[in-house]
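Residue numbers (the numbering used here): 1452 to 1585.
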């Protein structure tokens, strides 16, 4: 299923889109700062696509079901309240892991119903055409 960006988030075409970056990774230990790197990547993606970051939301890695994560519930609430147009996250597994891949599609579809699109900041996925692949 393809969801045209212009259909679900007209603000993207106008260059006024509000974005939330979403990160769900293990917390930093030792020299690793996975959260910081993922947030930086999300900010850079947003800037290069003309998106205004209005929220940076993180969840610790561990809970597979996105509906049980505080941060993801915040993303959904912002979408429902028309506070964001785009969610930027690194890759699909940030929404739900392979073990619950069907939840990923359900969550992306629910965001689309609120006229919010998901964009992935990881370079191979960020090179999508102007539509989101579900």
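Using N, Cα and C, we set each Cβ at its ideal position, and we do this for glycine too.
How about residue i and residue j: are their beta carbons less than 8 Å apart?
{"i": "residue 1492", "j": "residue 1550", "result": "no"}
{"i": "residue 1471", "j": "residue 1506", "result": "yes"}
{"i": "residue 1554", "j": "residue 1511", "result": "no"}
{"i": "residue 1537", "j": "residue 1489", "result": "no"}
{"i": "residue 1515", "j": "residue 1565", "result": "no"}
{"i": "residue 1508", "j": "residue 1522", "result": "yes"}
Over what stretch of residues does the alpha helix (DSSP H) that includes residue i continue unbroken?
{"i": "residue 1540", "result": "No alpha helix (DSSP H) contains residue 1540, which is instead part of the beta strand (DSSP E) from 1537-1540."}
{"i": "residue 1487", "result": "1485-1499"}
{"i": "residue 1553", "result": "1552-1564"}
{"i": "residue 1521", "result": "1521-1531"}
Which one or two residues does DSSP pair with residue i in a beta bridge?
{"i": "residue 1508", "result": "1473"}
{"i": "residue 1571", "result": "1540"}
{"i": "residue 1503", "result": "1469"}
Can you confirm whether the segment 1524-1531 touches the segment 1492-1502 when touching is taken to mean that 3 or more C-beta pairs between the two stretches lie within less than 8 Å?
No: fewer than three Cβ pairs fall under 8 Å.
Below 8 Å, can you find three or more Cβ-Cβ pairs linking the segment 1531-1546 to the segment 1561-1571?
A contact exists between the segment 1531-1546 and the segment 1561-1571.
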